[in-house]
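Student:
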Amino acid sequence: MGSVATKTHPNGLEYVEISTALCKARIFMQGAQIDYFEPVGKKPLLWVSSADDYQPGNGIRGGIPVCWPWFGMSDKDGFPQHGFARTRLWSMESVQLHGDVAKLKFVLHIKDADRQFWPHLTRVAIEFELSDTLKVSLVNENCGHETVTLTQALHTYFPIADIHQLKASGFSGAKYIEFARGPYVQEGDEVLFDRETDRVYTELSPVQLLHTPDGTIEVGREHSHSAVLWNPWIDKSKWLSRFNDEDYLTMVCLEAANVLEDKLVLEPGQSHTLTTTIRWL
Ligand code: TA6
Numbered sequence: 000m001g002s003v004a005t006k007t008h009p010n011g012l013e014y015v016e017i018s019t020a021l022c023k024a025r026i027f028m029q030g031a032q033i034d035y036f037e038p039v040g041k042k043p044l045l046w047v048s049s050a051d052d053y054q055p056g057n058g059i060r061g062g063i064p065v066c067w068p069w070f071g072m073s074d075k076d077g078f079p080q081h082g083f084a085r086t087r088l089w090s091m092e093s094v095q096l097h098g099d100v101a102k103l104k105f106v107l108h109i110k111d112a113d114r115q116f117w118p119h120l121t122r123v124a125i126e127f128e129l130s131d132t133l134k135v136s137l138v139n140e141n142c143g144h145e146t147v148t149l150t151q152a153l154h155t156y157f158p159i160a161d162i163h164q165l166k167a168s169g170f171s172g173a174k175y176i177e178f179a180r181g182p183y184v185q186e187g188d189e190v191l192f193d194r195e196t197d198r199v200y201t202e203l204s205p206v207q208l209l210h211t212p213d214g215t216i217e218v219g220r221e222h223s224h225s226a227v228l229w230n231p232w233i234d235k236s237k238w239l240s241r242f243n244d245e246d247y248l249t250m251v252c253l254e255a256a257n258v259l260e261d262k263l264v265l266e267p268g269q270s271h272t273l274t275t276t277i278r279w280l
């Protein structure tokens with residue numbers, strides 16, 4: 000069996016600490032954001048900047064921020080980048096231990112103040128299944144009588160011992176937008192990193208591999224044909240919030256998404272589950 004305990008960070012953020020025979024993990028109530036996941040006997044699978052001071056109201060710079068109900072910049076003034084879900088307090092709805100597998104579910108109850116951003120009658124929940132594998136599912140349900148459209152991403156930060164040695168594979172046949180230009184056709188199956196990379200992929204196959212100096216990380220997606228591949232590189236690292244100048248050397252983001260033509264269109268009563276599954280191969 001394992002243990003699940005609710006604790007409070009010195010800066011006031013509440014979190015759930017999970018420890019089983021298969022993994023250790025930590026999930027903050029703010030943003031339902033997992034910032035730590037380590038399979039027993041293996042290295043952690045998530046990265047967090049040492050520059051992040053876990054201040055309430057900021058999305059933690061690492062782990063898996065939830066970008067919802069829009070990804071990226073909104074076209075509406077005053078609407079925060081990547082939506083508002085990652086800075087709001089979610090409610091833990093259930094915790095289950097099935098032997099050594101922990102399952103936790105969090106729900107975001109939209110406050111009146113956020114109706115300006117999201118006036119729709121929908122329900123959003125995030126489910127974590129923790130074993131030697133990290134499985135995260137973002138579930139949307141349209142409870143209203145109108146069609147609802149949204150974009151979203153599970154903005155996963157991965158630890159890379161040396162970005163210069165990273166090979167990311169599984170991109171052949173896809174298209175991508177980068178720096179608001181494109182779409183470009185992906186050349187070959189691999190992506191190497193020697194500059195700022197901020198690619199929004201569509202028509203992307205469901206599994207990518209991150210070949211890192213510490214081993215290969217498999218990143219799978221379900222009900223998603225789009226993903227974002229990001230490393231800020233040198234210049235952007237210098238002005239990014241809660242990010243050290245050298246952090247670009249040891250991280251990459253590969254984000255399961257529903258963006259661009261892969262956006263979510265939910266008819267009344269319709270549900271959708273975006274899933275990302277992460278493990279060391
Ligand atoms: O997912 C890539 C991206 O959209 C980048 O363009 C960069 O802005 C990154 O997200 C981080 O955004 P944040 O709002 O967390 O600083």
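Be aware that the sequence shown starts at 0, since it is given in numbering that gives the first Met the number 0, and climbs by one per residue. The beta-carbon is built from N, C-alpha and C at its ideal position, and this holds for glycine as well. The structure displayed is predicted, hence computed values, not measured ones.
State the DSSP-derived secondary structure class of GLN220, mapped to helix, strand or coil.
Tutor: One point to set straight first is that residue 220 is Arg, not Gln, in the sequence displayed. Reduced to three states, the DSSP call for ARG220 is strand.
Student: Pairing CB atoms from the segment 137 to 150 with CB atoms from the segment 163 to 173, are three or more of them under 8 angstroms?
Tutor: Not touching, per the Cβ criterion.
Student: Report the option in PHE170, ARG194, ARG198 and GLY172 whose CA atom is closest to the CA atom of ARG180.
Tutor: Here the closest residue by C-alpha is ARG198.
Student: If you measure from the CB of SER204, is any heavy atom of the ligand TA6 nearer than 7 angstroms?
Tutor: SER204 Cβ: outside cutoff for every heavy atom of the ligand TA6.
Student: Helix, strand or coil for SER136 per DSSP?
Tutor: Reduced to three states, the DSSP call for SER136 is strand.
Student: Unbroken beta strand (DSSP E) runs of length 3 or more, entirely within the segment 75 to 130: which are they?
Tutor: Taking only runs of at least 3 residues, the beta strand (DSSP E) segments lying wholly in the segment 75 to 130 are 90 to 97, 100 to 107 and 121 to 129.
Student: Can you determine whether any heavy atom of the ligand TA6 sits closer than 7 angstroms to the C-beta of GLN207, and answer yes or no?
Tutor: Result no, Cβ not under 7 angstroms from the ligand TA6.
Student: Measuring CB to CB, does ASN230 end up less than 8 angstroms from VAL258?
Tutor: Against a cut-off of 8 angstroms, the Cβ pair of VAL258 and ASN230 comes out as no contact.
Student: Return the CA-CA distance between HIS271 and GLU221, expressed in angstroms with no decimal places.
Tutor: Their backbone Cα atoms lie some 10 angstroms apart in a straight line.
Student: Whose C-alpha, out of PRO182, GLN207, TYR247 and PHE157, is nearest the C-alpha of ARG194?
Tutor: Comparing Cα-Cα distances from ARG194 to each of PRO182, GLN207, TYR247 and PHE157, the minimum goes to TYR247.
Student: Nearest to PHE170 by CA position, among TYR200, THR150, ASN243 and CYS142, is which residue?
Tutor: Measuring from the Cα of PHE170, the nearest candidate turns out to be TYR200.
Student: Would you mind working out which of GLN29, PRO9 and LEU133 sits nearest GLU217, comparing C-alpha positions?
Tutor: Taking only the C-alpha atoms, the option nearest GLU217 is LEU133.
Student: Taking 7 angstroms as the line, does the beta carbon of GLN151 fall inside it for any heavy atom of the ligand TA6?
Tutor: Flag unset: Cβ of GLN151 not near the ligand TA6.
Student: Got a sec: does the ligand TA6 put a non-hydrogen atom nearer than 7 angstroms to the Cβ of GLN164?
Tutor: Every heavy atom of the ligand TA6 is 7 angstroms or more from the Cβ of GLN164, so no.
Student: I want to check one thing, is the minimum distance from the CB of SER240 to the heavy atoms of the ligand TA6 below 7 angstroms?
Tutor: Yes, the Cβ of SER240 comes within 7 angstroms of a heavy atom of the ligand TA6.
Student: Are the CB atoms of LEU129 and PRO160 within a distance shorter than 8 angstroms?
Tutor: A small correction: the amino acid at residue 160 is Ala; Pro does not occupy that position in the sequence shown. Cβ atoms of ALA160 and LEU129: not closer than 8 angstroms.
Student: For ASN141, which residues of its own chain have a beta-carbon under 7 angstroms away from its beta-carbon, when the five flanking residues on both sides are left out?
Tutor: Around ASN141: THR121, VAL147, LEU265, GLU266, PRO267, GLY268 and GLN269.
Student: Quick one: complete beta strand (DSSP E) runs, 3+ long, within the segment 233 to 263?
Tutor: The segment 233 to 263 contains these whole beta strand (DSSP E) runs: 250 to 257.
Student: With a 10 Å radius around its C-beta and 16 neighbouring C-beta atoms as the bar for buried, classify ASN10 as buried or exposed.
Tutor: Its Cβ having fewer than 16 others within 10 Å, ASN10 is exposed.
Student: Would you check whether the ligand TA6 has a heavy atom nearer than 7 angstroms to the C-beta of TRP229?
Tutor: It does: the Cβ of TRP229 is within 7 angstroms (strictly closer) of some heavy atom of the ligand TA6.
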